[in-house]
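**Student:** Per our numbering, the sequence shown starts with residue 534, numbered consecutively. Using N, Cα and C, we set each Cβ at its ideal position, and we do this for glycine too.
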Amino acid sequence: MGVRLLSPPLLQPHTGMFRNYFLIALRSFRKHKTFSLINLVGLTLGLTAGLLIFAWVLDETRYDQFHREADRVFRVQTYWGDDPQTDQYATTPPPLAEVIKSEVPEVEAVARVFTWNASTMRLPENEDRAFRETRIFIADPNFLEVLDCHLIRGEAETALKDPQSIVITKATALRYFGQEAWDQNQVLGRSILFGGDRTPRHVTGVVDPPAQTHFPFDMLVNIHFGYDEFAYNDNWAWNIVHTYIKVKPGVQTDPAAMAALERQFDRIVQQYSLPYLRQNTAWQPPSDMRFDYRLIPVEDIHLHSHLLREHTPNGSIWVVYTLTAVGLLILLLAAINFTNLSTALATRRAKEIGVRKVLGASRATVVTLFLSESMLFTLVAFAAAFGLAELLRRPFYQLSGKELDFSWLGQPQWFGLVALGLVALGLLTGSYPALAFSRFQPLRVLKGQGGIVGQGHRLRNVLVTLQFTIAIALLMGTGLVVAQLRFMRQQELGYNRENVLIIKNDREVTDRWREFKEQLEALPTVRSASFATGLPSQPLVQVRDFRPEGGAEGQGLQWFLVDDAYLGTLGLELADGHNFRRDGTAEQQSGLLLNEAAVRALGLHDPVGTWILKNEGMDDAQRLQVIGVVKDFNLESFHSAVKPLAMQYFIPDPPGMTDYVAVRLAPTQGTANSLDQSLRAIENVWQHFEAEDPFVYSFLDQDYDALFRSEQRLSGVLNWFTGLTLFIACLGLFGLSLYSTVQRTKEIGIRKVLGASVGGVLLMLSREYLRLIVVAVVIAIPLANYFATEWLHNFAYHIDIRWWWFLLPGMMTLAVALLSVSVQSLRAARANPVEALRYE
């Protein structure tokens, strides 16, 4: 008997019922093709946008989760004050790690990593072939025990133990040794000749980290092979290494243990950091200064850390929230569209519902019918959306710079979540027409006296207003993003970034830098060339202490080395004093250039001629004289204000610093051939001095554009989805105007017989919708203004919001909406009134 309860015959009535609902839905689709197609297209586009945005957000929020026991790993960060632009660092002093290891019981392991300069690598079996590597890091031997970086060959405990060991990525292994060696497991133990001295390093590990990491690298090198100045350095003022800790199991989930850990770092500041700074530097931290070491979970770095000396520019949680909101709003707008059109379409099926109820259909049956049709539409739309999203992956990558992957849909938890979301969407969009029409009184409906026309009409007005509020607010916000990006591109930066070539220098060129410069400047396509250790749009990591002689307090200023051609090559202007002189030996040794921000920071009223003490009390202490003041120029993006800067004369190969060569090219009249000829001539000079290393260059204007690439991508994505939002809203409006025109066919005919003009009929059919859009504009303006103001606070320099930036999108939306309504309304207004009176 128990078996018979589960037998197929008992399931057949339910199967037949759903088959019946399916056939009814198909008949309804065929009968109302235009309305149904509009509904399906709108919902498909909304779900496509939702899929793309959700995949993007999922990718952004998965950073660094691949590390083994990632929830126990934290990075230590240094806060020397309240200003994130000058006082907060992703790095720490080198000796901090040893103190943590020996004195902090909550920590299981600690490891450091240090960014190294670009170097040229070779293979022993083919030394003529050079590999230029720019993502090299020097790491403690136990680094892979803290951050395993998805080690796929080798052992984390031993991969970096040997001082001559090197760990490389799988992509690097394939570049050096080829697919065959990889397939035959012949990579471990191979040698790579490292740098200019071609020191052999042995491959002891291969990692294959996914793209979702805050720490992209190609090579890891043991810190004890030639870099002991970093490993054993006891300078608490040298904020240069990234320090990661792995806490003991359970500490990360125990608030009391984490509080105890934070107190340990407070103790380290008081016991080690502050005493060292007060005894060994001119900078005397005031007693009330905010100075501490803080922890950030490694999984949070990508979206929540934007400090100085990050490995790479991180993502933005604000962008994630923005696109998540945009995705949800698009889905809501598509759902509103679906509900609006379904409600309108259902009023045309009122007699069908009445007949069904007369023939015995219960209220539950009517509700089930409508919900089944809604669920069927949702499933069909999702299938179409998934296919469309797959087709759009490549265009979306070109727009956003992110390669999307939909394989997560195959994972049980995500599949279940998406299925639940689709059910919720189907119920949401189908519930109102289902419940409303299930209350029909059949006899009144069959007589043409019933329905929910008034109630449905009011709901549709509310929903139309809501969806256009969403579309207009997004359009206004996108317009402001575009305006801010245009402002950043066109705003004066204080230097001329056009036609400036940047070469990242090597030691051989630096040793003969004057001769190299002379040969470059002898080229007819080169206006000037300059050696420096810092340039706009390039990573700047050096800070030095400066105190006016006789002054009470010193200041930490950004600092780099330049030659006498630096100002001219970059188009910088002097506000006071003079530049370095090429033949001024004494001045080159003791001269100092400050920017205007540094003059203000040091409190100098008559700066030229003032003597300044640099790094007082330290080994590299100097007494310098200000010879000139450079007008402020922005070294970074417009997110940051201009920072105080000091410049000394160029000294070849300073320890721990990278040299750049900036070359100002003569204008090429925009021809690609002229530019290619210039580059070939410069490369020939380079190879004369550095025959073994490849010629690697970039352009200053492109480097500057890269500083706000995330905003450019956000602008592109917002443009795309805002256009989609407006299209979906207008598509729904077109459907509603089509429905309204059909419903009022006889009324239009009577009005035309009584003398109504085409314009009068058009105004009658359009007036109500245009009024709703005007209301939407009024609601959208304060919303857009609020969010735009909050976003602009991310920039030190930004546009001022103008009233017409809100008015123009509103007027444009009105025009597009009027066009959407007028297409069908105009056709109805021009129709023969006789045919209209024969309708039905």
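Under DSSP, the beta strand (DSSP E) around R1277 begins and ends at which residues?
**Tutor:** Element bounds for R1277: n/a, residue is neither H nor E.
**Student:** Which class does P1081 belong to by DSSP, given the choice of helix, strand or coil?
**Tutor:** If DSSP states are grouped into helix, strand and coil, P1081 belongs with the strands.
**Student:** Would you kindly work out how many angstroms separate the C-alpha atoms of T567 and G575, rounded to a whole number?
**Tutor:** Each residue's alpha carbon lies about 12 Å from the other.
**Student:** Please report the straight-line C-alpha distance between L1340 and P1315, rounded to a whole angstrom.
**Tutor:** Taking the straight line joining both Cα atoms gives about 12 Å.
**Student:** So, is N873 buried or exposed, given that buried needs 16 or more other C-beta atoms within 10 angstroms?
**Tutor:** Buried.
**Student:** For Q1071, which of helix, strand or coil comes out of DSSP?
**Tutor:** Note: Q1071 maps to coil in three-state DSSP.
**Student:** Please go through the stretch 787 to 840 and give each complete alpha helix (DSSP H) segment of 4 or more residues, from N-terminal end onward.
**Tutor:** Complete alpha helix (DSSP H) runs here, min 4: 788 to 801, 807 to 813, 834 to 837.
**Student:** Report the residue ranges of all alpha helix (DSSP H) runs contained in full by the stretch 694 to 756; include only those spanning at least 4 residues, in chain order.
**Tutor:** DSSP runs (the alpha helix (DSSP H)) wholly in the stretch 694 to 756: 703 to 716.
**Student:** Alpha carbon to alpha carbon, what distance is there between R1047 and T611?
**Tutor:** Each residue's Cα considered, the two are about 39 Å apart.
**Student:** Just checking my contact of A914 with L573 at CB under 8 Å: how many whole Å lie between their CB atoms?
**Tutor:** Sure, about 6 Å apart at Cβ, within 8 Å.
**Student:** Per DSSP, what kind of secondary structure is F647 in: helix, strand or coil?
**Tutor:** If DSSP states are grouped into helix, strand and coil, F647 belongs with the strands.
**Student:** Does DSSP put V1250 in a helix, a strand or coil?
**Tutor:** In the structure shown, V1250 sits in a helix (DSSP, three-state: H, G or I).
**Student:** Is it buried or exposed, N1217, if we count other Cβ atoms within 10 angstroms and call 16 or more buried?
**Tutor:** Burial call: exposed.
**Student:** Quick one: is N659 buried, meaning 16 or more other Cβ sit within 10 Å of its Cβ, or exposed?
**Tutor:** Per the 10 Å Cβ criterion, exposed.
**Student:** Over the uninterrupted beta strand (DSSP E) stretch that includes D661, give me the two end residues.
**Tutor:** First-last of the beta strand (DSSP E) with D661: 659 to 666.
**Student:** Return the residue from the list L1100, S875, V831 that minimises the CA-CA distance to T746.
**Tutor:** Measuring from the Cα of T746, the nearest candidate turns out to be V831.
**Student:** Alpha carbon to alpha carbon, how far is G728 from I1035? Give it in angstroms, no decimals.
**Tutor:** Rounded to whole angstroms, I1035 to G728 spans 21 Å at the Cα level.
**Student:** Should P628 and D799 be called a contact, given that it needs their Cβ atoms to be closer than 8 Å?
**Tutor:** The answer is no: Cβ separation not under 8 Å.
**Student:** If you follow the alpha helix (DSSP H) that L1135 is part of, which residue opens it and which one closes it?
**Tutor:** 1129 to 1135 is the extent of the alpha helix (DSSP H) around L1135.
**Student:** Hey, V697 and H735 are a contact pair by Cβ (cut 8 Å); roughly how many whole angstroms apart?
**Tutor:** Checking the displayed sequence, the identity of residue 697 turns out to be Gln instead of Val. Confirmed, Cβ separation roughly 6 Å.
**Student:** Following the continuous alpha helix (DSSP H) through M1180, name the residue where it begins and the one where it ends.
**Tutor:** No alpha helix (DSSP H) holds M1180; the beta strand (DSSP E) holding it covers 1178 to 1182.
**Student:** So if DSSP puts Q621 in a beta bridge, which residue, or which two residues, is it bridged to?
**Tutor:** In DSSP, Q621 forms a bridge with Y612.
**Student:** Ignore the nearest five residues each way along the sequence and tell me which others in V859's own chain have a CB closer than 6 Å to its CB.
**Tutor:** Excluding sequence neighbours, V859 sits near F1254.
**Student:** Once you ignore the five residues that flank L1352 on each side, which residues in its own chain have a CB closer than 6 Å to its CB?
**Tutor:** Excluding positions up to five away in sequence, the list is empty.
**Student:** Of the choices A1350, T1322, F871, whose alpha-carbon is the least far from that of W1338?
**Tutor:** Taking only the C-alpha atoms, the option nearest W1338 is T1322.
**Student:** Only counting the same chain, and skipping five residues up and downstream in sequence, which positions put a Cβ closer than 7 Å to that of L1137?
**Tutor:** Contacts found: P1081, T1143.
**Student:** Shortest alpha-carbon distance to K694 belongs to which of A706, L726, N675?
**Tutor:** The candidate whose alpha carbon is nearest that of K694 is N675.
**Student:** With respect to the beta strand (DSSP E) encompassing I669, which residues constitute its N-terminal and C-terminal limits?
**Tutor:** Where I669 is concerned, the enclosing beta strand (DSSP E) stretches over 669 to 672.
**Student:** Since I believe R1030 is in contact with D1234 (beta carbons under 8 Å), could you give me their beta-carbon distance rounded to a whole number of angstroms?
**Tutor:** Contact holds; Cβ gap of about 5 Å.
**Student:** If we count Cβ pairs, one from each stretch, closer than 8 Å, do we get three or more for the stretch 1225 to 1232 versus the stretch 1099 to 1108?
**Tutor:** The answer is no - the stretch 1099 to 1108 does not touch the stretch 1225 to 1232, with fewer than three Cβ pairs under 8 Å.
**Student:** Do three or more CB pairs link the stretch 638 to 649 to the stretch 675 to 690 at distances below 8 Å?
**Tutor:** Because the criterion of three Cβ pairs below 8 Å is met, the stretch 638 to 649 and the stretch 675 to 690 touch.
**Student:** Following the continuous alpha helix (DSSP H) through R1047, name the residue where it begins and the one where it ends.
**Tutor:** Where R1047 is concerned, the enclosing alpha helix (DSSP H) stretches over 1046 to 1054.
**Student:** Is DSSP giving V1354 helix, strand or coil here?
**Tutor:** Helix at V1354.
**Student:** Under DSSP, the alpha helix (DSSP H) around Y1330 begins and ends at which residues?
**Tutor:** Where Y1330 is concerned, there is no enclosing alpha helix (DSSP H), given that its DSSP letter is neither H nor E.
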